[in-house]
Amino acid sequence: MHIECLCISFKLDGCHSLKDKRQRLSGLRDRYGKRPEMAVIESGGADIHEQAEWSFIVVAANRANADRLLQKLEEEIATTVDARIVSASRHVL
(Lines of atoms letter the chains of each structure in order from A; the text may use other names.)
(Lines give C-alpha, C1' and ligand atoms only; values in the text may rest on other atoms or scores of the structure.)
Protein backbone atom coordinates (compact mmCIF):
# COMPACT_ATOMS: atom_id res chain seq x y z
CA MET A 496 0.00 0.00 0.00
CA HIS A 497 1.23 3.47 -0.91
CA ILE A 498 0.02 6.76 0.62
CA GLU A 499 0.98 10.08 -0.91
CA CYS A 500 -0.06 13.71 -0.42
CA LEU A 501 -0.27 16.38 -3.12
CA CYS A 502 -0.28 19.96 -1.78
CA ILE A 503 -1.34 22.66 -4.25
CA SER A 504 -1.05 26.38 -3.54
CA PHE A 505 -3.36 28.68 -5.48
CA LYS A 506 -3.44 32.40 -6.25
CA LEU A 507 -6.97 33.72 -6.77
CA ASP A 508 -6.46 36.97 -8.66
CA GLY A 509 -9.28 39.46 -8.16
CA CYS A 510 -10.85 37.57 -5.28
CA HIS A 511 -12.13 40.12 -2.74
CA SER A 512 -14.13 38.02 -0.29
CA LEU A 513 -14.12 34.61 1.36
CA LYS A 514 -17.50 33.95 -0.25
CA ASP A 515 -16.02 34.49 -3.71
CA LYS A 516 -13.08 32.27 -2.77
CA ARG A 517 -15.41 29.45 -1.65
CA GLN A 518 -17.38 29.69 -4.88
CA ARG A 519 -14.24 29.50 -7.00
CA LEU A 520 -12.77 26.51 -5.13
CA SER A 521 -15.84 24.64 -3.85
CA GLY A 522 -15.70 22.18 -6.73
CA LEU A 523 -12.48 20.69 -5.36
CA ARG A 524 -14.10 19.10 -2.34
CA ASP A 525 -17.29 18.23 -4.24
CA ARG A 526 -15.46 16.64 -7.16
CA TYR A 527 -12.61 14.82 -5.45
CA GLY A 528 -13.67 14.39 -1.82
CA LYS A 529 -16.19 11.70 -2.66
CA ARG A 530 -13.65 9.37 -4.26
CA PRO A 531 -12.93 6.38 -1.99
CA GLU A 532 -9.16 6.45 -2.58
CA MET A 533 -8.79 10.17 -1.83
CA ALA A 534 -9.13 12.61 1.06
CA VAL A 535 -9.35 16.37 0.39
CA ILE A 536 -8.76 19.27 2.78
CA GLU A 537 -8.19 23.02 2.59
CA SER A 538 -4.85 22.99 4.37
CA GLY A 539 -3.74 26.61 4.33
CA GLY A 540 -4.68 30.21 3.62
CA ALA A 541 -8.26 29.76 4.84
CA ASP A 542 -8.65 33.42 5.87
CA ILE A 543 -6.70 34.98 2.99
CA HIS A 544 -8.88 36.08 0.07
CA GLU A 545 -6.39 35.69 -2.76
CA GLN A 546 -4.52 32.58 -1.59
CA ALA A 547 -5.41 28.99 -0.85
CA GLU A 548 -3.69 25.69 -0.22
CA TRP A 549 -5.41 22.35 -0.70
CA SER A 550 -4.06 18.89 0.10
CA PHE A 551 -5.11 15.67 -1.58
CA ILE A 552 -4.15 12.39 0.11
CA VAL A 553 -4.26 9.29 -2.09
CA VAL A 554 -4.13 5.65 -1.03
CA ALA A 555 -3.13 3.24 -3.80
CA ALA A 556 -1.93 -0.32 -4.19
CA ASN A 557 1.53 0.88 -5.31
CA ARG A 558 3.53 3.98 -6.12
CA ALA A 559 2.83 3.81 -9.86
CA ASN A 560 -0.93 3.91 -9.26
CA ALA A 561 -0.58 6.80 -6.81
CA ASP A 562 1.60 8.72 -9.27
CA ARG A 563 -0.93 8.18 -12.04
CA LEU A 564 -3.84 9.36 -9.86
CA LEU A 565 -2.01 12.46 -8.65
CA GLN A 566 -0.73 13.39 -12.12
CA LYS A 567 -4.25 13.16 -13.54
CA LEU A 568 -5.62 15.12 -10.58
CA GLU A 569 -3.08 17.91 -11.03
CA GLU A 570 -3.83 18.16 -14.76
CA GLU A 571 -7.60 18.28 -14.16
CA ILE A 572 -7.28 20.96 -11.50
CA ALA A 573 -5.04 23.11 -13.70
CA THR A 574 -7.72 23.19 -16.40
CA THR A 575 -10.93 23.36 -14.34
CA VAL A 576 -10.28 25.60 -11.31
CA ASP A 577 -10.68 29.38 -11.53
CA ALA A 578 -7.32 30.01 -9.87
CA ARG A 579 -3.65 29.96 -10.80
CA ILE A 580 -1.48 27.16 -9.40
CA VAL A 581 1.52 28.75 -7.69
CA SER A 582 3.14 25.54 -6.51
CA ALA A 583 2.50 21.84 -6.22
CA SER A 584 4.47 19.40 -4.12
CA ARG A 585 4.18 15.71 -3.30
CA HIS A 586 5.07 13.93 -0.09
CA VAL A 587 5.09 10.21 0.63
CA LEU A 588 3.43 9.46 3.95
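Numbering-wise, the sequence shown is residues 496 to 588 according to the numbering used here.
Cβ atoms here follow ideal geometry from the backbone N, Cα and C, with glycine treated the same way.
As the structure is a prediction and not an experimental result, all values here were calculated from the model.
CA-to-CA distance, residue j to residue i, given in whole angstroms
i, j, result
"Ala547", "Leu523", "12 Å"
"Asp542", "Ala573", "22 Å"
"Leu507", "Gln566", "22 Å"
"His511", "Arg519", "12 Å"
"Ile536", "Gly528", "8 Å"
"Val576", "Gly540", "17 Å"
"Ile552", "Asp515", "25 Å"
"Ala452", "Met533", "Residue coverage of the chain in this structure runs from 496 to 588, which leaves residue 452 outside it and unanswerable."
"Asp525", "Arg517", "12 Å"
"Glu545", "His586", "25 Å"
Where the alpha helix (DSSP H) through residue i begins and ends
i, result
"Gly522", "513-527"
"Glu548", "Run containing Glu548: none in the alpha helix (DSSP H); it sits in the beta strand (DSSP E), 546-555."
"Leu564", "558-575"
Beta strand (DSSP E) segment containing residue i, residue limits
i, result
"Ala534", "533-539"
"Arg585", "579-587"
"Leu501", "497-506"
Supposed contact pair residue j and residue i - C-beta distance, whole angstroms, cut 8 Å
i, j, result
"His497", "Arg558", "5 Å"
Would the segment 578-587 and the segment 496-511 be scored as touching if the rule is three or more Cβ pairs under 8 Å?
Here the segment 578-587 makes contact with the segment 496-511; the two share three or more CB pairs at distances below 8 Å.
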